[in-house]
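A quick write-up on the structure given underneath.
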Ligand SMILES: Nc1nc2c(ncn2[C@@H]2O[C@H](COP(=O)(O)OP(=O)(O)O)[C@@H](O)[C@H]2O)c(=O)[nH]1
Ligand SMILES: [Mg+2]
C-alpha cells in the first residue's frame, strides 16, 4: 500500500512526501509501528531540503486522519540512515531490514519490511542526503518550524528538537561522520556477483531448522555508499557481464531439479489438518517447494491492517508437512492480504539461490487493493532465473474478462528491483522459468450444474475440459500466452461443502470448477504429476499440486573461471592495445665539442604504433621547461596517426645567455627529455656532450687573468677563473699578473686598427657566419696570426664579444649613475673612474679606438652619432635585462658615450 | 593494465616500468610518488644488480609514499647456469628489509602471476580499512610500479619475452 498519500495530507502546501514506508521503531524490547515519510521542501531561491517525518498511526494509513506526527528528523549533513545487521545476527532472507537512523542528536532503530519498496525508500533517503560539497549551503530547515508544535509531547521534545536543529544547521561534523569515501571504491562496481562463491551461506544459530539462510543479494553492502554507487555501474563490469551471458553455455550444464508447486484456497480457515497428503505423501523429497495460498484471511482486519495470525499458522503447517526425507530452508514468504506464497529449498541448495526479490500486485477494489491480485518471488537458482507467481484472480463465472485483465495487470505491474538500479526493473516474463499457480477462478461454461456433476461422476474430464474458460481464453490468446498446463486428470477443486467431499449445497449452489491451477513457461520443464488432494477438507477448495523436473543451468566452476579469465584477459588486452605506444629510432644523443654559437642538430624518428597518439615533451617535475635553454626540440609536440612517423630535431645552440655557466661548469651539456604520450607512457631521452669554453661569454676580468688562449687552459682553470668575483683593484695576489685588457679584445681591435680604419660602413655591415666561427676559433686558440677575415666579420665579432660579456663594460651597478650624469662630461668621467680596473681599461681602450676611427671619417663615413648609438647599447646594458629599453634611456646611453667620443680624454 | 583476482576481489592494476639507468634517477624518483606497490627486481645472473637493490630500497624509502608495499624479485631464474646470486642471498636480503621474495622468470612464467598476486594482496591489506564494508564488490585500480635493476642492456624487441604472461 502506498501510504505516502496519508502523509501527504498532513503536509503544508509546497511540501511533498516522496515515499513512505511503514516500519517498527525498536526501543529495547518494545516495537511500535511508525510511518516514515520522506518529505521534500522546495526553497524559494531554488534548491531543496528534506526531512524524515515519523508518524504514529491507527491502522494501515489511508488518509491523513489515520496518522499523527510524532517526530521530525531533518535530513541534515550529519543525518544518516543505514542498514545494519541486527546484533551481529545473520542475514535472514526475507526478514525485515533493520536500519539505524543517526544524527548528531539521536539514534533510532527501525525494522522495515523486506522488499523493493524498502529499498526504494532507502535509496530515496540516500539521494536526499545533502552532498558533501562544502560549497553548497547547509540546510536550514526553517520550513519545519510550523510542524514542530504538532509533534507529540512538545513540552518534552522542545529543547531536544531545538538543539537538534541548531546542530543540523551548523552541519559541523558532516565530513567525518559519514563513510562517504567508500563511494569511490564502490563506484568501481561489483562484479562476479553472479557467482556462487560470492554468495555467503551462513549457519544460523536460531532454533528453527528452516531458517538456514541464504544471504539476500538485494543489498549486500549495507552502507549508503553502496546504495549510491549502484547507480553508476562501471561500463567495464557491464561488458564483462554481457560477455558472460553470451558465453553461458561454455561454462554451464543443465541439471534437473525437482520442484513441488502447490496451490490451496483455504477460504479463511486456519489449518486443521496435517498437510502432508498434499505436500509430501507419495513423492520423493523435492528440491524446491513453491506453496501458494489464497483467502488466507477474509477478515477486515487482514484487509486493512495487513496483519494476520493466519500467516504464521499456515507457514507453520506447511513447514511441518514438508517432505521428511530432507531439510529445507525457507527462502521467502510473501503475502498480500490473503494471497501468500512460500518458497523453500533443500538446505544444500541454499547457497545457489541468489537475487531473491518478492513483490505484490493488488488488483482488487479500486484496482489496487489486495483482496485480489498476485504475489511473486523471483530468484536465481544456480544460473537460471525463476519466477513463481501466486495469483487470486477475479471471481464469478461471467467475469473471465476481468480475470484476463487481472493477469495482464499482474504481468505489467509486477516489477522487481535489479541490483543494478540503472537497469529497468525485471518483469515476470524476463525469467527463464515461470511457474504460475493460484486460484485463477476460471469456471466451466455453458453446461448446467447437473451436467457438469454428471460428467465428473463419469470422470469424463476431457469432455468437461472443453468447457473450461481458462482453456478457451488461452486458446483465444487472451491470457497466459506461452504458458503450458498439464492435462487435468482430477475433478474440479471447487466448490465443496467445507469438511466434506460433497459439492456445494449452499444457496448459491456453485457449479464445480477447476479454479485452482498450475501453469508453466520455459525450457527444460517436465511435469511429473498434476493432481488434487481430496483428503484435505478444511476448505471449500481442494488443494492442487504439481511436481516438475526443471532443468537448471549449473555452473561448472572451473569452466566459469576459465571463461571469466578469458573475458577479462581479452578486455585487458584490448585496453592495453589502445594505449598508444611508439618506437624511437634513437634515445641517446651525444653532442661533441660544442662551440659558442655553433648550431648542432641531432635528429630521431618517432614511429607510431596502431593507436593514434599525441606526443609532447613535458617538463620534468619541478622544472619550468622541458629541456635546458641551449636545447630545443623541433617540433616539441604533435599528433601521429597509426603507423605514421615524424622526425624530431634536437637543436643545440649555446649563446651568450648559456655560455658563461657552461664555461664555469655550473652547467653541462647534459639533459634528460621526457617524451610523454597522452594516455600512454613516458620515454626518456638523454642528451650528453662537451662544451669547448670560449672567450665569448667569459667575463672581462677572467680573460685578463688568462694569459694563455682559453682552449689551452685546463678546464678546471677556466672554471675557477670564470667563477672568480670581479675585483675592483688588482690586489696583486697569488695569481699570475693579469693583463690590462683581455688579449682577445686587443686582437680584434688591433686587427681592425691595422686593416679597417678606413673601411666604409664599418660596424654597419653584417659579417659572415663562417668567418665568425673562424674568428672565434682563432681567438680561443690564440692562433691570431691565422686570422684572415673580412673586416666586417671582425667588427661584428667585436660587437658580439661585447654583447656576450656577462658583466657589461659599464657594470650593471654603474648603469644608472651613468645615465644620470650623461651630459655632464666631468661627472661622467668621474663615474668611469669608479669602474673595476679591467672594465675601466676596456672602456678607455675602446674609446681611444673609436676616436681613432673618427679621425678617418672621411673614408669610413663614421661619425660620433653612429658609433655612440652602436656602442651605447653594448657598453651600457640595463640591469633590468631583456626588457625593452625606453627610448629615453637609450638616448641617454648614447649621449653618455657621445661625450667620450667628442672630447679627448 | 591488468586485472587479477585476489580473495575474490577483482583488482585492476596499472603497471609502470621505470628506467633503471642511473642517469634517469632524478626523474624516475618522481614517479615513485604515485605507486602503491613496488617490485624491486634484480637479475640472478648479475651480482652487480643484486648489490644495487640496497640503493633502490633507500630511494624508495625516501621518495615513495608512506606505506608503499615492496617485494623483492630475483629474475631470470631460468638462467640457472649463469647464476651469480644464490637463492638464499635473495631470501636473506628480503628478510633484512621485511619484504617477500620470489625468484621469477619472465621467460618461463615462473612465479610471475604469484608475485603480482602477492603484491596486490599486500597493497589491498594495507588499504583494508577503506575496503571494509565493500567486501566482494570492489574492483579497484591500484598502481604498482615496477622497478628493475637495469643491466644496461639495450632495450629492444628482446623485451617481448616479457609479454608472454600479459
Ligand atoms: N633468460 C631470461 N632473460 C630475461 C628474463 N627477463 C628478461 N630477460 C632478458 O633480459 C634483457 C633485459 O630485459 P629488460 O626487460 O629490458 O630489462 P630492464 O632493463 O630491467 O627493463 C632482455 O634481453 C630480456 O629478454 C628472464 O626471466 N630470463
Ligand atoms: Mg625495462
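Chains as they are written, first to last, in UniProt numbering: chain A, 1 to 905; chain B, 1 to 166. Glycine included, C-beta positions come from ideal geometry on N, C-alpha and C.
Residue i to residue j, Cα distance in whole Å?
i	j	result
residue 332 of chain A	residue 489 of chain A	31 Å
residue 898 of chain A	residue 742 of chain A	24 Å
residue 609 of chain A	residue 579 of chain A	10 Å
residue 797 of chain A	residue 700 of chain A	15 Å
residue 148 of chain A	residue 129 of chain A	21 Å
residue 894 of chain A	residue 836 of chain A	21 Å
residue 44 of chain B	residue 76 of chain B	6 Å
residue 160 of chain A	residue 105 of chain A	In this predicted model, residue 160 of chain A has a pLDDT of only 39, less than 50, meaning its place in the structure is not dependable enough to derive any value.
residue 63 of chain A	residue 413 of chain A	24 Å
residue 197 of chain A	residue 111 of chain A	Legend: pLDDT at residue 197 of chain A = 36, less than 50; position of this residue unreliable, no value from coordinates given.
residue 917 of chain A	residue 444 of chain A	Because chain A here runs from 1 to 905, residue 917 of chain A falls outside it and cannot be looked at.
residue 93 of chain A	residue 74 of chain B	Below a pLDDT of 50, predicted positions are generally treated as unreliable, and residue 93 of chain A, at 46, falls in that range; no measurement from the model is reported.
residue 627 of chain A	residue 605 of chain A	18 Å
residue 222 of chain A	residue 40 of chain A	Any reading at residue 222 of chain A needs caution, since the residue's pLDDT is 30, under 50, leaving its predicted position unreliable; the model's value is listed next. Distance between the alpha carbons of residue 222 of chain A and residue 40 of chain A is about 24 Å.
residue 774 of chain A	residue 781 of chain A	10 Å
residue 596 of chain A	residue 667 of chain A	14 Å
residue 65 of chain A	residue 56 of chain A	11 Å
residue 464 of chain A	residue 296 of chain A	29 Å
residue 96 of chain B	residue 247 of chain A	49 Å
residue 143 of chain B	residue 37 of chain B	Legend: pLDDT at residue 143 of chain B = 41, less than 50; position of this residue unreliable, no value from coordinates given.
residue 468 of chain A	residue 514 of chain A	8 Å
residue 753 of chain A	residue 792 of chain A	13 Å
residue 690 of chain A	residue 127 of chain B	49 Å
residue 46 of chain B	residue 72 of chain B	15 Å
residue 902 of chain A	residue 828 of chain A	13 Å
residue 670 of chain A	residue 620 of chain A	14 Å
Shortest alpha-carbon distance to residue i belongs to which of the options?
i	options	result
residue 100 of chain B	B/35, B/90, B/15 and B/21	B/90
residue 278 of chain A	A/564, A/795, A/664 and A/542	A/542
residue 510 of chain A	A/442, A/546, A/564 and A/563	A/442
residue 285 of chain A	A/145, A/438, A/344 and A/803	A/344
residue 440 of chain A	A/499, A/402, A/463 and A/454	A/402
residue 533 of chain A	A/372, A/848, A/282 and A/319	A/282
residue 93 of chain B	B/21, B/49, B/106 and B/15	B/49
residue 805 of chain A	A/621, A/704 and A/7	A/704
residue 616 of chain A	A/680, A/629 and A/524	A/680
residue 51 of chain B	B/85, B/67 and B/18	B/85
residue 79 of chain B	B/126, B/8, B/40 and B/106	B/106
residue 3 of chain B	A/717, A/870 and A/571	A/571
residue 273 of chain A	A/243, A/245, A/9 and A/317	A/317
Using a Cβ cut-off of 7 Å, pull out every chain A residue sitting near residue i, in sequence order please.
i	result
residue 24 of chain B	672 and 684
residue 2 of chain B	572
Applying a beta-carbon distance threshold of less than 7 Å, which residues of chain B neighbour residue i?
i	result
residue 621 of chain A	30
Determine the chain A residues that contact residue i at a beta-carbon separation under 8 Å, and present them in chain order.
i	result
residue 27 of chain B	620, 621, 672, 674 and 684
In chain C, which residues lie with their C-beta within 7 Å of the C-beta of residue i?
i	result
residue 568 of chain A	Absence of chain C from the displayed structure is noted, the protein chains being A and B.
Is there at least one non-hydrogen atom of ligand 4 closer than 8 Å to the beta-carbon of residue i?
i	result
residue 806 of chain A	In the structure on display, ligand 4 does not appear, and the ligands it does have are ligand 1 and ligand 2.
Problem - Segment contact, 8 Å Cβ cut-off, at least three pairs: the segment 647-656 of chain A with the segment 549-557 of chain A - result: As far as the Cβ criterion goes, the segment 647-656 of chain A does not touch the segment 549-557 of chain A, which means the pair count is below three.
Problem - Every unbroken alpha helix (DSSP H) inside the segment 41-129 of chain B [4 residues or more] - result: Segments of the alpha helix (DSSP H) lying fully in the segment 41-129 of chain B: 47-63, 87-96 and 112-126.
Handout entry: Runs of alpha helix (DSSP H) lying entirely within the segment 755-839 of chain A, each at least 4 residues, in chain order
Key = Note on the segment 755-839 of chain A: whole alpha helix (DSSP H) runs with a minimum of 4 residues are 769-781, 791-804, 812-821 and 825-833, in chain order.
Problem - Inter-stretch contact (C-beta, 8 Å, three-pair minimum) for the segment 853-867 of chain A and the segment 746-758 of chain A - result: Touching, yes.
Practice task
Could you say if the segment 22-42 of chain B and the segment 57-65 of chain B meet the contact criterion of at least three C-beta pairs nearer than 8 Å?
Solution key: Counting Cβ pairs under 8 Å, three or more are found: they touch.
Practice task
Evaluate contact between the segment 48-62 of chain A and the segment 5-23 of chain A, counting only Cβ atoms and requiring at least three cross-stretch pairs below 8 Å.
Solution key: Judged by Cβ distances under 8 Å, the segment 48-62 of chain A makes contact with the segment 5-23 of chain A, as three or more pairs qualify.
Handout entry: Inter-stretch contact at 8 Å, needing at least 3 Cβ pairs: the segment 335-344 of chain A / the segment 363-381 of chain A
Key = Result yes; three or more Cβ-Cβ pairs closer than 8 Å.
Exercise for the section: Would you mind listing the beta strand (DSSP E) stretches within the segment 513-558 of chain A that are 3+ residues and don't spill past its ends, in chain order? Expected result: The qualifying runs are 516-522, 525-532 and 544-555.
Exercise for the section: Report yes or no: do three or more beta-carbon pairs, one from the segment 386-405 of chain A and one from the segment 467-482 of chain A, lie closer than 8 Å? Expected result: Contact holds: three or more Cβ-Cβ distances are below 8 Å.
Problem - Three or more C-beta pairs below 8 Å linking the segment 309-320 of chain A and the segment 345-361 of chain A - result: Look at the beta carbons and you see the segment 309-320 of chain A not touching the segment 345-361 of chain A: under three pairs across the two are nearer than 8 Å.
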